[in-house]
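A.B. asks: Dumping the structure here so I can ask a few things about it.
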Amino acid sequence: METTPNDSVNWPTFLGDNARRGGSPGEPAGPPSTPAWKRELPGMALSSPVLKGELLYLAFMDGSLYALDSQNGQTRWSFAAAAPIHSTPALADHLVLFCDESGNLYAVENTTGTLVWRAQAGGPAWSSPSIFQGTVYQGTTGARLRSFDLRTGRRDWDIELTGGSCSTAHVTGDRIYIGTGDGRVIALERGSGRTSWEMRTGGPVLSSPAFAEDLVLVGSEDEFFYALDGRNGAIRWRYRGTQGFVAPPACGEGLVYAGCKDGYVYALSVGNGELQWKARVPEIICGAPTVTSTLICVQPYGGPLLALERRSGKQAWKVSLGAALQSTPALTSDRLFLVNYRGVVHALQCR
Amino acid sequence: MKPPDRRDDLNRRNFLKFAGAGAVIGAFTPWQAPTDLPKLEYRIHAPSAVSTPGGMPGRFPGRVVEVFHSKAIVDRRVSAPAVREMVERGMKELTGTGTATDAWRTFFEPADVVAIKPNPSGVLGTTTAPELVREVIGGLELAGVKRTNIIVYDRFPWQLFVSSYYGYVPAGVRVMGTADVLAPGPTALGHDPDIFFETTCFAELETRSYLSTVVSRLATKIINLPCLKEHQGSGPTGCLKNISYGSFTNVARTHSGTDDSRGLSGPPYSFIDPIVGLLCSIEPLRSKLVLNIMDGLRGVWHSGPFAASPDFIWDSKTLYFGTDAVAVDRIELETLERKRREKGAPSLWDRDPSQLGSRAEKDKNPAKNQWYRATSHVRTAGQMGLGTWDLDRIRHPKIELG
Chain E
146 METTPNDSVN WPTFLGDNAR RGGSPGEPAG PPSTPAWKRE LPGMALSSPV LKGELLYLAF
206 MDGSLYALDS QNGQTRWSFA AAAPIHSTPA LADHLVLFCD ESGNLYAVEN TTGTLVWRAQ
266 AGGPAWSSPS IFQGTVYQGT TGARLRSFDL RTGRRDWDIE LTGGSCSTAH VTGDRIYIGT
326 GDGRVIALER GSGRTSWEMR TGGPVLSSPA FAEDLVLVGS EDEFFYALDG RNGAIRWRYR
386 GTQGFVAPPA CGEGLVYAGC KDGYVYALSV GNGELQWKAR VPEIICGAPT VTSTLICVQP
446 YGGPLLALER RSGKQAWKVS LGAALQSTPA LTSDRLFLVN YRGVVHALQC R
Chain Y
320 MKPPDRRDDL NRRNFLKFAG AGAVIGAFTP WQAPTDLPKL EYRIHAPSAV STPGGMPGRF
380 PGRVVEVFHS KAIVDRRVSA PAVREMVERG MKELTGTGTA TDAWRTFFEP ADVVAIKPNP
440 SGVLGTTTAP ELVREVIGGL ELAGVKRTNI IVYDRFPWQL FVSSYYGYVP AGVRVMGTAD
500 VLAPGPTALG HDPDIFFETT CFAELETRSY LSTVVSRLAT KIINLPCLKE HQGSGPTGCL
560 KNISYGSFTN VARTHSGTDD SRGLSGPPYS FIDPIVGLLC SIEPLRSKLV LNIMDGLRGV
620 WHSGPFAASP DFIWDSKTLY FGTDAVAVDR IELETLERKR REKGAPSLWD RDPSQLGSRA
680 EKDKNPAKNQ WYRATSHVRT AGQMGLGTWD LDRIRHPKIE LG
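Taken in order, these protein sequences are the chains called E and Y. 146 is the number of the first residue of the first sequence in this note's numbering; add one for each residue after it. 320 is the number of the first residue of the second sequence in this note's numbering; add one for each residue after it.
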């Protein structure tokens with residue numbers, strides 16, 4: 146089974162793009178109202194659902210990857226990995242890619258769940274694969290970053306990072322940007338894996354970078370959110386919260402939205418870091434916000450899923466679907482999908 | 320109000336029986352006022368005791384080293400260099416050795432698999448500092464322990480996650496949450512079906528608490544990293560409670576629930592005393608716990624473990640070192656009592672019914688609490704032989720750095 150590399154198969158960052166849409170198209174027609182369906186699956190969920198066509202893909206800590214029919218929640222297929230899956234799946238053409246905590250990187254066929262290839266990523270993985278022009282990039286908590294051929298899984302290069310990484314790499318035309326547990330943001334040449342620059346923050350960089358306006362946008366446990374010059378790593382600006390930033394940020398229309406463990410979503414100007422608004426949510430934020438044309442949706446730890454107006458940060462609506470740690474909702478024009486920490490998958494109809 | 324100085328109800332014969340038995344049935348009548356609680360009947364299913372020189376109360380009974388560093392917290396953040404200095408000094412003082420390497424080798428050898436038990440339960444900043452966890456890992460490496468043989472564990476993976484331990488530990492070290500609250504019992508992820516404590520507290524459906532497999536199967540030794548913290552149910556929550564309630568499943572039942580048939584409910588009552596001590600006594604937990612380092616970089620003097628207000632938290636910039644969990648907790652208790660007196664709050668021993676209040680009241684008013692705190696659990700553990708309760712028998716050197 147082959148994949149022809151082209152732009153349509155790129156999945157260069159966590160949840161696919163700077164808006165963290167997880168493959169979901171469209172803008173919800175309104176707030177979620179009635180339940181469409183609900184599934185209780187065994188195992189904890191620390192990852193986010195991703196959507197392609199009619200299929201919703203979800204990974205669980207019992208080592209299962211499920212493809213559910215997004216219309217009715219029925220299982221189309223499931224795949225048993227060798228170890229718990231923390232990694233949010235990535236999508237590329239006809240493949241679903243994810244990594245398990247034994248470091249196995251899997252590519253399975255997206256309509257059948259058939260294993261296409263498996264490779265060794267070099268340590269337990271909490272982060273997701275990033276895919277760009279036919280190459281897969283996977284970092285691990287074992288301090289490795291490896292590249293693989295998307296079609297075959299053949300390993301290309303393998304480098305040792307300065308620390309373990311829980312950060313999903315952001316890949317651009319010539320660079321890879323990734324955070325490490327020893328506090329660094331590292332830029333590497335995409336072709337060789339050689340380090341272009343690194344910048345050390347005051348705490349672990351667990352967040353997955355976004356990239357906009359030639360800036361690497363990423364948070365650190367040192368309580369700062371950073372905008373680094375993509376060319377050399379120089380700090381262009383930084384913004385301080387009152388706790389660490391571990392959630393991947395989302396971007397859109399000149400703003401970056403950063404969720405913080407201090408319970409705020411900060412909307413900052415990408416260009417100069419100026420605070421546009423900040424919104425208090427009831428709990429710590431560890432999961433990425435997702436951005437639509439009018440809303441920011443964020444799932445705080447243990448709190449309700451909140452939709453904030455993108456321009457003002459005012460609450461548009463909220464819905465309680467159970468505690469979630471990192472899960473980001475998938476939104477379509479008429480549906481909202483979310484998996485909570487306890488493995489319950491919710492599909493809500495949006496008015 | 321001080322409790323009467325008695326433990327006549329503590330049935331020492333029953334306690335001693337289980338030390339060497341595979342299964343033990345015993346009974347305690349915990350002291351609780353103003354109404355006596357019914358006798359607590361229990362059964363323990365565990366392997367025979369394995370006597371080790373390192374296990375509780377450990378190599379240095381009755382010794383607690385207190386290390387203060389004036390620069391331990393700078394600009395709201397824990398200073399990793401200060402913590403490094405504190406750990407090295409505290410370990411050398413505890414063991415009486417001249418180098419950090421020798422200090423760590425007092426307890427650990429290269430073949431060990433070491434489990435580290437932080438306290439991730441609390442508001443951010445009042446859980447075990449990741450910087451301390453990282454220094455402990457560094458100390459183990461000095462002793463030759465491989466990173467792949469080091470495990471950071473707790474029952475709740477989500478609490479480990481929120482405290483970001485997974486991000487701070489060096490590559491190779493595993494971070495494991497062992498429980499899934501939805502599946503108590505032998506099928507629960509990461510718990511040993513063959514080692515359990517069985518009792519009924521408040522008519523709960525699940526009456527067993529199972530030991531983590533990290534303790535029973537994976538680790539050869541354990542380091543306990545509790546926090547300096549008040550707990551609304553237990554009084555002080557220190558070494559004893561962190562290692563017991565963080566290693567066994569289904570322990571919230573000791574202080575929550577309702578038993579209509581007996582007219583009991585928690586709050587305000589609890590069976591924390593004597594269950595904390597009983598769980599600590601179960602093998603192989605007792606034998607494997609060889610070192611306690613209490614994180615007192617910040618302290619919580621009221622409304623713990625999830626302090627509702629920053630007003631109840633203070634920068635105490637201190638670490639406490641000891642092998643004797645009871646002695647460390649006794650020093651913790653005295654520290655909390657001192658702080659509460661300074662703040663005008665009642666003693667953790669207080670059992671005046673007029674001090675009982677709702678959660679909302681407790682969150683605002685340090686004179687209120689939902690439970691009669693089971694502060695006596697530390698003393699009971701001492702009476703069980705787990706360590707030193709008597710202040711006169713605790714050597715307590717204090718070191719100031721910075």
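Cβ coordinates follow ideal geometry from the N, Cα and C atoms, glycine included. In this text, all values refer to a predicted model and were calculated from it rather than measured experimentally.
Y:H487 versus chain E: which residues are under 7 angstroms apart at the beta carbon?
C.D. replies: At residue 487 of chain Y the sequence reads Tyr, which differs from the His that was named. Per Cβ cutoff of 7 angstroms: G326 and P349.
A.B. asks: For a contact defined as C-beta to C-beta under 7 angstroms, what are the partners of Y:V481 on chain E?
C.D. replies: Here the neighbours are I429, C431 and Y446.
A.B. asks: Could you work out which residue in E:M206, E:Y202 and E:D207 is closest to E:L213 when comparing CA atoms only?
C.D. replies: Of E:M206, E:Y202 and E:D207, the residue nearest in Cα terms is E:Y202.
A.B. asks: What runs of the beta strand (DSSP E), each 3 residues or longer, lie entirely inside the stretch 464–528 of chain Y?
C.D. replies: Segments of the beta strand (DSSP E) lying fully in the stretch 464–528 of chain Y: 469–473, 493–496 and 510–518.
A.B. asks: Rounding to the nearest angstrom, what Cα-Cα distance links Y:W423 and Y:G463 in this structure?
C.D. replies: Taking the straight line joining both Cα atoms gives about 9 angstroms.
A.B. asks: Quick check on this structure: which residue in E:F277, E:P354 and E:Y211 has the alpha carbon closest to the alpha carbon of E:N163?
C.D. replies: Comparing Cα-Cα distances from E:N163 to each of E:F277, E:P354 and E:Y211, the minimum goes to E:P354.
A.B. asks: Using 8 angstroms as the threshold, is the C-beta distance between E:M189 and E:G447 below it?
C.D. replies: No; because the gap between Cβ atoms is not below 8 angstroms, this pair is not in contact.
A.B. asks: Do Y:E450 and Y:V402 count as a contact pair if the criterion is CB distance below 8 angstroms?
C.D. replies: Yes, they are a contact pair.
A.B. asks: Comparing the C-beta of E:V391 with each C-beta of chain Y, is any distance below 8 angstroms?
C.D. replies: Yes - at least one Cβ of chain Y is within 8 angstroms of the one on E:V391.
A.B. asks: So E:Y384 packs on E:L413, CB below 8 angstroms; how close in whole Å?
C.D. replies: Yes, they are in contact, since the Cβ atoms of E:Y384 and E:L413 sit about 6 angstroms apart, within 8 angstroms.
A.B. asks: Could you give the distance in angstroms between the alpha-carbon of Y:E428 and the alpha-carbon of Y:V645?
C.D. replies: About 25 angstroms.
A.B. asks: Are at least three pairs of beta-carbons, each pair with one atom in the stretch 695–710 of chain Y and one in the stretch 619–626 of chain Y, less than 8 angstroms apart?
C.D. replies: Contact between the stretch 695–710 of chain Y and the stretch 619–626 of chain Y is absent, because fewer than three Cβ pairs lie under 8 angstroms.
A.B. asks: Could you compute how far the alpha carbon of E:F293 sits from the alpha carbon of E:G309?
C.D. replies: Rounded to the nearest angstrom, the two C-alpha atoms are 19 angstroms apart.
A.B. asks: Would Y:L443 pass as an interface residue toward chain E - the criterion being a Cβ-Cβ separation below 8 angstroms?
C.D. replies: Yes, because at least one Cβ of chain E sits closer than 8 angstroms to the Cβ of Y:L443.
A.B. asks: Out of curiosity, what's the CA-to-CA distance linking Y:P323 and Y:R670?
C.D. replies: Confidence is the limiting factor: at Y:P323 the pLDDT is only 34, short of 50, which leaves the residue's position unreliable and the question unanswerable from this model.
A.B. asks: Between Y:A490 and chain A, is any beta-carbon pair separated by less than 8 angstroms?
C.D. replies: No chain A appears in this structure, whose protein chains are E and Y.
A.B. asks: For Y:W477, go through chain E and note every residue whose CB falls closer than 8 angstroms to its CB, in chain order.
C.D. replies: Ordered by position in chain E, the residues that pass the 8 angstroms Cβ test against Y:W477 are Y446, A468, L470 and Y486.
A.B. asks: Less than 8 angstroms separating the beta-carbons of E:G248 and E:G287?
C.D. replies: Against a cut-off of 8 angstroms, the Cβ pair of E:G287 and E:G248 comes out as a contact.
A.B. asks: Check the C-beta distance from E:V436 over to E:L450 and give it rounded, since I have them as a contact under 8 angstroms.
C.D. replies: Incorrect: roughly 14 angstroms between the Cβ atoms, too far for contact.
A.B. asks: With contact counted as at least three CB pairs below 8 angstroms, one residue from each stretch, are the stretch 468–484 of chain E and the stretch 169–179 of chain E in contact?
C.D. replies: Touching, yes, given that three or more Cβ pairs across the two stretches are closer than 8 angstroms.
A.B. asks: Look at E:F356 and E:G375 and say whether their C-beta atoms are less than 8 angstroms apart.
C.D. replies: A contact, by the Cβ cut-off of 8 angstroms.
A.B. asks: With 8 angstroms set as the bound, which would you pick, yes or no: does the beta-carbon of E:T340 sit closer than that to a beta-carbon of chain Y?
C.D. replies: With 8 angstroms as the cut-off, E:T340 does not count as an interface residue toward chain Y.
A.B. asks: Please work out which residues of its chain come closer than 7 angstroms, Cβ to Cβ, to E:R381, disregarding the five sequence neighbours upstream and downstream, and give them in chain order.
C.D. replies: Once the five neighbours on either side are set aside, the close Cβ partners of E:R381 are L360, A372, L373 and D374.
A.B. asks: Which residues in chain Y sit within 8 angstroms of E:W271, going by Cβ to Cβ distance?
C.D. replies: Result: Y485.
A.B. asks: I need the boundaries of the beta strand (DSSP E) containing Y:D648, first residue and last residue.
C.D. replies: Note, Y:D648: premise wrong, no beta strand (DSSP E); alpha helix (DSSP H) at A644 to K662.
A.B. asks: Helix or strand or just coil, what does DSSP make of Y:L710?
C.D. replies: Three-state result, Y:L710: helix.
A.B. asks: Is E:Q388 close to chain Y? Criterion is C-beta to C-beta, closer than 8 angstroms.
C.D. replies: Yes, its Cβ sits closer than 8 angstroms to a Cβ of chain Y.
A.B. asks: So, is E:R496 buried or exposed, given that buried needs 16 or more other C-beta atoms within 10 angstroms?
C.D. replies: Its Cβ having fewer than 16 others within 10 Å, E:R496 is exposed.
A.B. asks: For Y:E360, I'd like the list of residues in its chain whose CB is within less than 7 angstroms of its CB, leaving aside the five on either flank, ordered along the chain.
C.D. replies: Correct list, in chain order: A346 and T518.
A.B. asks: Please compile the residues from chain Y whose C-beta is within a distance smaller than 7 angstroms of the C-beta of E:C311.
C.D. replies: Chain Y residues near E:C311: Y485 and G486.
A.B. asks: Give every residue of the same chain whose Cβ lies closer than 7 angstroms to the Cβ of Y:A538, excluding the five residues on either side of it in the sequence, and list them in chain order.
C.D. replies: Once the five neighbours on either side are set aside, the close Cβ partners of Y:A538 are V432, V433, A434, I470 and K607.
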